[in-house]
Amino acid sequence: MRGQTALSAATRASILTSARSVLIREGGARFTVRRVAEAAQISSGNVMYHFPTKQHLMRALIREALEKDEAELAQAMQNIDVPALRVEALIRP
């Protein structure tokens with residue numbers, strides 16, 4: 095069972111990677127489950143097993159991006175002890 099869970103997680107990660115690529119390359123208007131499946135070289139049904147709708151897939155992409163940004167921000171803030179400098183670091187691009 096553990097191997098199946100790892101395979102499922104790997105498939106999900108592959109779908110998200112492919113979805114990100116499709117979104118960047120094609121744009122939101124042409125973003126479809128079918129295009130993501132083709133990019134990931136799996137069936138549309140397999141994509142929909144992991145993400146029941148296109149909206150679920152988009153939410154997962156957004157969540158992943160936000161979590162990455164949050165982790166990068168936390169790492170940057172870790173070494174700043176002065177509150178004013180933390181605020182300044184937050185608002186700088």
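Numbering follows the working numbering, in which position 5 of the sequence shown is assigned residue number 99; successive positions increment by one, without gaps.
Think of the CB as a built atom: it goes at the ideal place given N, C-alpha and C, for glycine as much as any other residue.
Per-residue DSSP class, three states only, for residue i
{"i": "Gln135", "result": "coil"}
{"i": "Pro146", "result": "coil"}
{"i": "Ile174", "result": "coil"}
{"i": "Gly122", "result": "helix"}
Cβ neighbours of residue i in the same chain (closer than 8 Å, five flanking residues each side left out)
{"i": "Arg129", "result": "Val116, Glu120"}
{"i": "Ser108", "result": "Ala134, Ile136"}
Alpha helix (DSSP H) segment containing residue i, residue limits
{"i": "Val181", "result": "177-185"}
Distance CB(residue i)-CB(residue j) smaller than 9 Å
{"i": "Ala178", "j": "Ala170", "result": "no"}
{"i": "His150", "j": "Arg106", "result": "no"}
{"i": "Phe125", "j": "Lys148", "result": "yes"}
Cβ-based neighbour list, residue i, same chain, cut-off 6 Å, excluding 5 preceding and 5 following
{"i": "Ala168", "result": "none"}
Item to complete: Flag this pair as touching only if the stretch 102-118 and the stretch 155-167 have three or more C-beta atom pairs under 8 Å; answer yes or no.
Response: yes
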